[in-house]
Each structure stands twice: as C-alpha cells, then as structure tokens.
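Visitor: From first to last, the protein sequence lines are chains F and G.
Start counting the first sequence at 10; every next residue gets the next number (the numbering used here).
Start counting the second sequence at 449; every next residue gets the next number (the numbering used here).
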Amino acid sequence: MFLHASLPSIAARHQPALVLDYARSRDVSDTALLRGTGLDAAWQAAGARLSASQYLQLLANAARSVDACDTSFMLGQQLLPGRDGAVSHALLQAPSLRQALAILCSWHTRLCPLLQPRLRESGTMQVLYWTDAYGAPSQLPFLVEMHMTALVAMCRWLSGEHLPWRFCFNRARPRHVEQHEVHLGPSLRFDCQLDAMLIDTAWLDRPWPRGNAHACALALRETAQEPSIAPSLSSCLYDFLLQHIRCPPTLERTALHFGVSPATFKRHLARHGTHFQAELDQVRAHQAIYLFQAHGFDNDAVADYLGFHDATNFRRSFKRWTGQTPQLLRHALALFVAA
Amino acid sequence: MLQLHRNSLVVAIMALPVFFLLYSTLGVPKPLVAWKWMDIVCEGGTAVMAGIWFLFTLSSRPRGLVTRLLAGGLCAIMLGSWADCLDEFFAVDKRDLWDNWLEALIPFGMLLVTVGMYYWRHEQFRLNEHLQKRERLFRDHRAFDRITQLADASYLRTQIRLEQERRPGLDCALVLLDIDRFHLINREHGHAEGDRVLQAVGHMLLLNLRNDDLLCRYAGDRFAVLMPGVSREAALPVARHLCQMVGQMRYFARDKEIALSLRHACSMTDGVPEVVLAELSRAVETPPRAAAGTATVAAA
Numbered sequence: 010m011f012l013h014a015s016l017p018s019i020a021a022r023h024q025p026a027l028v029l030d031y032a033r034s035r036d037v038s039d040t041a042l043l044r045g046t047g048l049d050a051a052w053q054a055a056g057a058r059l060s061a062s063q064y065l066q067l068l069a070n071a072a073r074s075v076d077a078c079d080t081s082f083m084l085g086q087q088l089l090p091g092r093d094g095a096v097s098h099a100l101l102q103a104p105s106l107r108q109a110l111a112i113l114c115s116w117h118t119r120l121c122p123l124l125q126p127r128l129r130e131s132g133t134m135q136v137l138y139w140t141d142a143y144g145a146p147s148q149l150p151f152l153v154e155m156h157m158t159a160l161v162a163m164c165r166w167l168s169g170e171h172l173p174w175r176f177c178f179n180r181a182r183p184r185h186v187e188q189h190e191v192h193l194g195p196s197l198r199f200d201c202q203l204d205a206m207l208i209d210t211a212w213l214d215r216p217w218p219r220g221n222a223h224a225c226a227l228a229l230r231e232t233a234q235e236p237s238i239a240p241s242l243s244s245c246l247y248d249f250l251l252q253h254i255r256c257p258p259t260l261e262r263t264a265l266h267f268g269v270s271p272a273t274f275k276r277h278l279a280r281h282g283t284h285f286q287a288e289l290d291q292v293r294a295h296q297a298i299y300l301f302q303a304h305g306f307d308n309d310a311v312a313d314y315l316g317f318h319d320a321t322n323f324r325r326s327f328k329r330w331t332g333q334t335p336q337l338l339r340h341a342l343a344l345f346v347a348a
Numbered sequence: 449m450l451q452l453h454r455n456s457l458v459v460a461i462m463a464l465p466v467f468f469l470l471y472s473t474l475g476v477p478k479p480l481v482a483w484k485w486m487d488i489v490c491e492g493g494t495a496v497m498a499g500i501w502f503l504f505t506l507s508s509r510p511r512g513l514v515t516r517l518l519a520g521g522l523c524a525i526m527l528g529s530w531a532d533c534l535d536e537f538f539a540v541d542k543r544d545l546w547d548n549w550l551e552a553l554i555p556f557g558m559l560l561v562t563v564g565m566y567y568w569r570h571e572q573f574r575l576n577e578h579l580q581k582r583e584r585l586f587r588d589h590r591a592f593d594r595i596t597q598l599a600d601a602s603y604l605r606t607q608i609r610l611e612q613e614r615r616p617g618l619d620c621a622l623v624l625l626d627i628d629r630f631h632l633i634n635r636e637h638g639h640a641e642g643d644r645v646l647q648a649v650g651h652m653l654l655l656n657l658r659n660d661d662l663l664c665r666y667a668g669d670r671f672a673v674l675m676p677g678v679s680r681e682a683a684l685p686v687a688r689h690l691c692q693m694v695g696q697m698r699y700f701a702r703d704k705e706i707a708l709s710l711r712h713a714c715s716m717t718d719g720v721p722e723v724v725l726a727e728l729s730r731a732v733e734t735p736p737r738a739a740a741g742t743a744t745v746a747a748a
C-alpha cells in the first residue's frame with residue numbers, strides 16, 4: 010500500500026544517472042559520490058533500481074562534494090520532463106500548464122519521487138506546494154530548490170515563455186538568494202509555512218506551442234498500463250489526514266486504516282524521521298492556510314472547520330504549529346498575493 | 449601538482465637517511481645524559497616545519513624559477529636543521545669541516561628563499577594585473593566560481609559595500625547582463641556546452657572592460673559589472689557596447705554556430721546591495737521590447 014524508503018523503486022538510469030553525470034562534470038570522483046549509498050559498480054545496469062534513501066544519500070554526497078550553491082538548481086534544470094519512457098513523453102507533449110501539472114501530480118512517484126507536488130486552487134490563484142515524501146528534513150531546502158527549478162525550467166521550455174510564478178519558501182532567507190532570482194524568478198518570499206509556487210489561473214489553459222493533446226493522451230494511456238509505483242508512507246498519511254481533517258483521526262484509527270498495529274505504525278514513522286502528531290499538525294496548518302487564502306475564512310470559521318472548540322484554542326494551536334498568529338500570517342499572505 | 453616535482457621530492461627524502469648514516473658512521477653516539485632536549489626539540493621542530501612548507505610549496509605551484517628557488521631554499525633549511533639536530537645525538541670532531549658545511553645549509557637556504565620571494569613578488573604583480581578585473585583590491589579565493597573563474601554574488605555584494613564605505617557619494621554604476629535563451633542552449637547542446645558558452649562570454653566581457661571595473665558571475669547565466677566612478681549616463685553606452693561585442697562574437701558548438709545575445713539593465717549602487725541587485729535582477733528579466741531587441745533599460 011505504501012512504499013518504504015529502503016525499497017528499490019527509482020530507476021537508476023534516470024534521475025540518479027543525471028546526478029552522476031553532473032558530479033562528474035564538476036570533477037567529483039565516483040567513489041565520493043557513492044559513499045554510504047551501498048551501491049556497487051553495477052548500480053547503473055539496465056533495470057536496476059535505487060531506494061529513496063540511496064537516492065537521497067547520492068544527492069547529499071553530490072551537494073557536499075561539488076560544494077557550490079547552484080548544485081540543486083543545475084540538477085533541477087535537467088530533471089523534467091525526464092527520460093522515463095511514456096510518462097516523460099506525456100509530459101513533453103502536454104498541451105497546457107493545466108495538463109502538465111495534472112500529469113506531474115498524478116505520476117509524482119515516477120517523475121519526482123522525493124517530493125510530492127500538490128495542486129490546490131485558491132481564488133484566482135493556483136497553489137502548487139511540495140511535501141516531503143521520505144522524511145529528509147535536512148535536505149529539504151536542497152530538494153525544494155531542485156524540484157521548483159525543474160518545474161520552472163520545464164514550463165519555460167515547453168511554453169516558450171517565462172511564466173510569472175511566485176515562490177514561497179518554508180525557510181529563512183538564504184545567502185545564495187541570487188540563485189533563486191536567476192533560476193526561479195524575482196518574486197520570492199521566505200519564512201513562509203509552505204514551499205509553494207503560485208500562478209494566476211489564467212495561465213493554466215494557454216496552449217503550449219509544443220503540445221499535442223492526442224499524443225499526450227496516447228502516452229498517458231500507455232503509462233497507465235505500466236506497473237505503478239506506490240507512494241511513500243508520508244504521502245499516504247498526508248492524503249488520509251487531509252481527507253479526514255474535519256474530525257482528526259487518532260493514531261490508533263490511522264494505524265488501523267494502514268493495516269498495522271499502532272506500535273508498528275509509530276516505528277514506520279520514526280524511520281521517516283517524524284511522528285504522528287507532527288504530521289497531523291502540518292496537515293492542519295496547511296489546511297488552515299488554505300482556508301484563509303482560498304475561502305477567506307476568519308479564525309472562527311477555520312476553528313469550526315477543523316473541529317476546535319473556539320477560536321482562542323485554534324489561535325493557540327496555530328501559533329504552536331507555525332510560530333505565527335493566524336492574523337499575522339493572513340496579513341502577510343494577502344500582501345504577497347496582492348503584490 | 450606533487451607528481452610534477454617527483455624528482456625533487458625523492459632527492460629531498462633520500463637526503464634525510466643519508467645524513468643520518470653520515471653522522472652515525474663518522475660520529476660517536478652521545479650518552480643519553482648529554483642530550484640537550486631543548487636543542488633537539490627546537491632544531492628538529494625547525495626541520496619538520498621547513499619540510500611541511502617545502503611540501504606545501506611544491507604541491508601548490510607549477511614548475512618554474514620561483515618554485516625552484518622557494519622549494520630549494522626550504523629544502524636546504526630542512527636538511528640544515530636536520531643536520532643540526534643529528535649533531536645533538538652524535539659527537540663529531542670539531543676539526544671536521546663537513547659538519548659545519550652541512551649546518552651552513554640553513555643560511556644558504558634562507559638566502560635562496562629570499563631571492564625566491566623577490567621573484568615571487570614580481571610574479572604576483574603580473575598576476576594582479578591579470579586578475580585586476582576579476583577581483584579589485586580584495587582577495588578571497590573561496591569566492592571564485594569554478595567554471596568562469598569569476599567572483600560570485602557574495603563577493604560582488606562585499607565589493608559594493610567596500611566601495612560605498614571608501615568613497616561615499618561617488619558615482620558607481622552596476623550593470624547586469626543576461627544571456628538570451630541560455631536555457632535552450634543547455635537543453636539542446638547539453639550542460640558542458642552551456643559551461644563553455646559561459647566561459648566564452650566571460651572572456652569577451654573581460655576584454656572589453658576598464659582596469660577599474662569588476663566582472664562577476666552573479667548566478668546562472670547572469671553576469672554583473674561593477675563600474676566605480678561611472679555615472680548612469682556613461683554606463684549605458686558601456687553596457688550596450690558589451691552586448692554588441694558578445695552579439696558579434698561567433699561561437700561554435702562542435703560543428704554548429706550558436707548565436708549569442710545579451711540583455712542588460714543598469715542602475716547605481718546607492719542603497720543596500722541586496723535590494724539594488726534584486727531590483728536590477730527583476731529589470732533584466734522583463735522580456736526585451738520588440739523594437740529594442742537586446743536593450744532593456746531599467747530605471748531603478
């Protein structure tokens with residue numbers, strides 16, 4: 010039902026091979042790159058697969074050995090549409106941004122296995138935010154830079170123009186902000202609760218010059234027939250919690266849903282570097298922000314929606330989840346969206 | 449680098465046991481009570497340190513006169529101190545001159561290092577001239593980009609601050625230059641070709657700058673030129689000229705010619721460097737106006 014970080018699932022010939030090529034072009038030896046991954050010389054054999062943790066280790070090694078602040082951005086530029094057969098082909102033929110994002114979100118386990126993109130409509134804006142699939146908090150800034158660059162570069166290429174994305178980052182302002190300016194765009198905001206990309210809905214249905222709806226549909230049909238890759242535990246748990254967010258399930262009920270004992274479930278989560286309450290808090294924070302933004306809810310309405318007794322309780326919890334009061338966050342959001 | 453100097457290294461390392469053999473056969477071992485520990489530590493320590501400097505010098509420099517002088521001098525100091533140190537363990541007849549000659553290696557080595565330093569100073573002047581447009585009066589070897597050998601954005605911000613502190617009120621223009629359709633070059637020809645384009649454009653820009661200007665690789669395909677003492681009016685033609693020069697350059701990827709062109713944006717460096725650069729970045733990104741082609745001029 011869900012995939013462990015240690016199971017082989019990522020085709021070695023695709024994304025990991027790109028990392029290897031890039032590292033070699035920057036004079037990094039193969040031994041330095043493969044250190045700690047447990048991969049042997051034949052790791053790139055046809056059909057060979059890496060586990061998510063091996064791929065993460067590979068990326069960490071590349072980041073450390075290349076030791077330049079543009080590694081994530083350079084890797085990201087080559088990531089999409091990728092060379093993963095039918096699904097990459099479908100992406101390449103996507104007739105519009107709407108279709109491309111839909112493909113990316115439904116085939117994320119193949120196209121971007123480490124971070125899951127989630128698209129939500131919020132008023133006249135589309136919000137695409139990325140969530141960590143395999144619990145790599147220390148690598149999250151790197152992964153976010155890499156995946157955002159991948160999507161921006163692909164859209165720029167396929168649409169033939171610079172799309173006016175706006176970016177939110179769940180981190181403090183980095184020293185190498187110039188890389189974000191050049192590789193992503195000038196509209197950047199740091200210290201947000203989400204790693205998100207915003208774009209006006211009007212851009213969704215503009216036809217793309219390279220697009221071919223028929224070829225895209227054919228490639229998608231072919232993709233659907235290939236064996237699919239299960240999403241990670243974090244991804245499944247996020248979906249489950251979001252679905253039941255109005256009356257948050259307990260750890261016991263969630264474990265039951267996943268068909269394991271609560272103790273086993275806890276152990277799985279610990280292996281992903283997280284625990285149940287943290288995941289629940291994150292989903293609730295994301296949902297609260299969405300409700301503020303998309304539906305213009307006030308504190309009372311959100312408190313009611315998320316099953317809190319009153320707005321005061323909700324405010325206290327929200328401050329605990331995000332370090333900010335709902336009021337401040339709403340104000341900052343409104344400013345950024347209006348900018 | 450060390451492989452380049454294998455012969456020198458072998459000779460230096462062989463000399464150490466030879467000296468030892470010389471002292472142990474021609475001298476008489478001193479009893480333990482006669483050992484002067486302070487002298488042993490000082491002289492042995494000097495030998496070890498000089499040996500380390502010798503290795504550092506060889507491992508960081510190509511062959512040449514300066515390298516020979518510096519490394520030879522340090523090697524002589526190392527061997528002289530080693531002889532001096534062995535002297536503490538073996539009694540040698542004071543009438544034997546060979547012992548004195550070996551110890552005289554120390555002042556001789558110092559002389560060599562001094563001559564080496566003299567030439568090294570000349571070499572540095574030449575290199576400074578060469579690096580002038582890349583670094584401007586402040587050296588930080590960690591700030592250099594490995595592909596273009598140009599300074600990076602954090603170095604640029606430091607330079608802007610230094611310029612503001614040193615000469616407040618003086619005009620200082622800043623130009624950002626961005627290569628058009630660079631992402632397509634990367635997609636169609638691969639990253640290695642993209643890197644070569646960056647190098648070529650970097651060289652072309654360097655050739656067309658004054659000695660006082662500083663060229664940096666801001667990030668990706670975006671270059672920055674800092675022009676102290678230049679007003680906005682004077683900077684605009686310079687920026688246009690740089691774009692023209694790159695536009696006229698003929699660049700070949702394997703067998704196919706790639707047309708290169710630049711966009712530019714200018715402003716003055718009055719304000720916080722981060723803010724000035726972010727605004728300028730935004731300006732250089734706005735798509736070129738249909739008529740102007742490459743000239744997008746922003747008023748910051």
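Backbone N, C-alpha and C define an ideal beta-carbon position, used for all residues, glycine too.
Do you know offhand how far L560/G's Cα is from L27/F's?
Guide: Your numbering for residue 560/G matches position 112 in the second sequence. Your numbering for residue 27/F matches position 18 in the first sequence. If I take the Cα positions, the gap works out to 51 Å.
Visitor: Assign E536/G to one of three DSSP states: helix, strand, or coil.
Guide: Working through the second sequence from its first residue, we reach residue 536/G at position 88. Coil at E536/G, not helix or strand.
Visitor: Would you kindly check if the distance between the Cβ of H318/F and the Cβ of A312/F is under 9 Å?
Guide: Taking the first sequence and counting its residues from 1, the one referred to as residue 312/F is at position 303. Taking the first sequence and counting its residues from 1, the one referred to as residue 318/F is at position 309. Yes, these two residues count as a Cβ contact at 9 Å.
Visitor: For the 8 Å Cβ check, are there 3 or more pairs between the region 116-134 of chain F and the region 230-248 of chain F?
Guide: yes
Visitor: Just to confirm, is the Cβ distance from E154/F to H189/F under 9 Å?
Guide: The count along the first sequence starts at 1 and reaches residue 154/F at position 145. The count along the first sequence starts at 1 and reaches residue 189/F at position 180. A contact, by the Cβ cut-off of 9 Å.
Visitor: Among all the DSSP beta bridges, which residues are the ones paired with P676/G?
Guide: In the second sequence, counting from the first residue as 1, residue 676/G sits at position 228. C620/G.
Visitor: With a threshold of 9 Å between beta-carbons, can G668/G be considered close to chain F, or not?
Guide: Within the second sequence, residue 668/G is the residue found at index 220, counting from 1. With 9 Å as the cut-off, G668/G counts as an interface residue toward chain F.
Visitor: Return the chain-ordered list of same chain residues with a C-beta closer than 7 Å to the C-beta of L84/F, the five sequence neighbours on each side being excluded.
Guide: Taking the first sequence and counting its residues from 1, the one referred to as residue 84/F is at position 75. Excluding positions up to five away in sequence, the list reads L27, V28, Y31 and M155.
Visitor: Are the C-beta of F199/F and some C-beta of chain G separated by less than 9 Å?
Guide: Start at 1 with the first residue of the first sequence, and residue 199/F comes out as number 190. Chain G, which has no Cβ nearer than 9 Å to the Cβ of F199/F, makes this no.
Visitor: What do you reckon, are the CB atoms on A498/G and S529/G nearer than 9 Å?
Guide: In the second sequence, residue 498/G corresponds to position 50, counting from 1. In the second sequence, residue 529/G corresponds to position 81, counting from 1. S529/G sits close to A498/G, with the two beta carbons spaced by under 9 Å.
Visitor: Expressed to the nearest angstrom, what Euclidean distance is found between the alpha-carbon atoms of L120/F and R594/G?
Guide: Residue numbering aside, residue 120/F sits at position 111 when the first sequence is read from its first letter. Residue numbering aside, residue 594/G sits at position 146 when the second sequence is read from its first letter. Using only the alpha carbons, I get a separation of about 31 Å.
Visitor: Would you say D39/F lies against chain G (beta-carbon separation less than 9 Å)?
Guide: The sequence position of residue 39/F within the first sequence is 30, counting from 1. D39/F does not count as touching chain G.
Visitor: Expressed to the nearest angstrom, what Euclidean distance is found between the alpha-carbon atoms of F176/F and L197/F?
Guide: Counted from its first residue, the first sequence places residue 176/F at position 167. Counted from its first residue, the first sequence places residue 197/F at position 188. About 5 Å.
Visitor: Contact criterion: CB-CB distance below 9 Å. Does R609/G meet it with respect to chain F?
Guide: To locate residue 609/G, count along the second sequence from 1; it is residue 161. Taking Cβ atoms only, chain F never reaches closer than 9 Å to R609/G, which makes this a no.
Visitor: I'd like to check one pair, P676/G with L604/G: are the Cβ atoms closer than 9 Å?
Guide: For the purposes of this step, residue 604/G is taken as the residue at position 156 of the second sequence. For the purposes of this step, residue 676/G is taken as the residue at position 228 of the second sequence. Not in contact: L604/G and P676/G (Cβ atoms no closer than 9 Å).
Visitor: Three or more beta-carbon pairs under 8 Å between the region 129-140 of chain F and the region 286-305 of chain F, yes or no?
Guide: yes
Visitor: Please name the residue, chosen from A343/F, Y143/F, I19/F and S237/F, that lies closest to G56/F on a Cα-to-Cα basis.
Guide: For this step, residue 56/F is matched to residue 47 along the first sequence. Answer by Cα proximity: I19/F.
Visitor: Could you give the residue range of the alpha helix (DSSP H) that holds A205/F?
Guide: Taking the first sequence and counting its residues from 1, one reaches residue 205/F at position 196. Counting along the chain, A205/F falls outside any alpha helix (DSSP H), though it belongs to the beta strand (DSSP E) covering A205 to D209.
Visitor: Out of curiosity, what's the CA-to-CA distance linking P258/F and A51/F?
Guide: Taking the first residue of the first sequence as position 1, residue 258/F is located at position 249. Taking the first residue of the first sequence as position 1, residue 51/F is located at position 42. Roughly 45 Å separates the two Cα atoms.
Visitor: Rank R73/F, R219/F and F345/F by C-alpha distance to the C-alpha of R44/F and give the top, closest one.
Guide: The count along the first sequence starts at 1 and reaches residue 44/F at position 35. The residue with the shortest Cα to Cα distance from R44/F is R73/F.
Visitor: Grab me the residues of T283/F's own chain with a C-beta within less than 8 Å of its C-beta, minus the 5 sequence neighbours each way, in chain order.
Guide: Locating residue 283/F in the first sequence gives position 274, where the first residue counts as 1. The answer, listed in chain order, is G144 and S243.
Visitor: Please list, in chain order, the chain F residues whose beta carbon lies closer than 7 Å to that of N634/G.
Guide: Position 186 of the second sequence holds residue 634/G. The contacting residues are Q86.
Visitor: Which class does L655/G belong to by DSSP, given the choice of helix, strand or coil?
Guide: Within the second sequence, the letter at position 207 stands for residue 655/G. Helix at L655/G.
Visitor: Can you give the Cα-Cα distance for M693/G and V514/G, rounded to whole angstroms?
Guide: Locating residue 693/G in the second sequence gives position 245, where the first residue counts as 1. Locating residue 514/G in the second sequence gives position 66, where the first residue counts as 1. Going from the Cα of M693/G to the Cα of V514/G covers about 38 Å.
Visitor: Per DSSP, M134/F forms a beta bridge with which residues?
Guide: Numbered from 1 along the first sequence, position 125 holds the residue referred to as residue 134/F. M134/F is bridged to S131/F and D209/F.
Visitor: Decide if E583/G is buried, meaning its Cβ has at least 16 other Cβ atoms within 10 Å, or exposed.
Guide: Residue 583/G sits at position 135 when you count from the first residue of the second sequence. Its Cβ being crowded by 16 or more others within 10 Å, E583/G is buried.
Visitor: Using the beta-carbon of each residue, which ones in chain F are nearer than 8 Å to E733/G?
Guide: What you label residue 733/G is simply residue 285 of the second sequence in a count that begins at 1. What E733/G touches in chain F: H171, G194 and P195.
Visitor: Sort L149/F, L137/F, Y64/F and R22/F by Cα distance to G91/F and report the nearest one.
Guide: For the purposes of this step, residue 91/F is taken as the residue at position 82 of the first sequence. It is R22/F.
Visitor: For E190/F, which residues does DSSP report across the bridge?
Guide: Mapped onto the first sequence, residue 190/F falls at position 181. The partner list for E190/F (beta bridge, DSSP) is empty, contrary to what the question assumes.
Visitor: Within this structure, are the beta carbons of L534/G and G475/G separated by less than 9 Å?
Guide: Sequence index remark: in the second sequence, residue 534/G carries index 86 (1-based). Sequence index remark: in the second sequence, residue 475/G carries index 27 (1-based). Yes, these two residues count as a Cβ contact at 9 Å.
Visitor: Does the contact criterion of 3 or more C-beta pairs under 8 Å hold for the region 609-626 of chain G versus the region 670-686 of chain G?
Guide: yes
Visitor: Pop quiz: F327/F and A297/F are said to be a contact at Cβ under 8 Å. What is the actual Cβ separation, rounded to whole angstroms?
Guide: For this step, residue 327/F is matched to residue 318 along the first sequence. For this step, residue 297/F is matched to residue 288 along the first sequence. Indeed they touch by this definition, with Cβ atoms about 6 Å apart.
Visitor: Please report how far the alpha carbon of T742/G lies from the alpha carbon of E733/G, in whole angstroms.
Guide: Walking along the second sequence from the start, residue 742/G turns up at place 294. Walking along the second sequence from the start, residue 733/G turns up at place 285. For T742/G, the predicted structure reports a pLDDT of 39, less than 50, and the residue's modelled location is therefore unreliable. A value from the coordinates is still provided. Roughly 11 Å separates the two Cα atoms.
Visitor: Exposed or buried, which one is E611/G when buried takes at least 16 other CB atoms within 10 Å?
Guide: The residue given as residue 611/G occupies position 163 in the second sequence. Here E611/G is buried. Its C-beta has 16 or more other C-beta atoms within 10 Å.
Visitor: Measure the alpha-carbon distance for L527/G versus L553/G and round it to whole angstroms.
Guide: Locating residue 527/G in the second sequence gives position 79, where the first residue counts as 1. Locating residue 553/G in the second sequence gives position 105, where the first residue counts as 1. Near 7 Å, if we compare the C-alpha coordinates of L553/G and L527/G.
Visitor: Let me know if A181/F comes out buried or exposed under the rule of 16 or more other beta-carbons within 10 Å of its beta-carbon.
Guide: Here residue 181/F refers to the residue found at position 172 when the first sequence is read from its first residue. The residue in question, A181/F, is exposed, as its Cβ has fewer than 16 Cβ neighbours within 10 Å.
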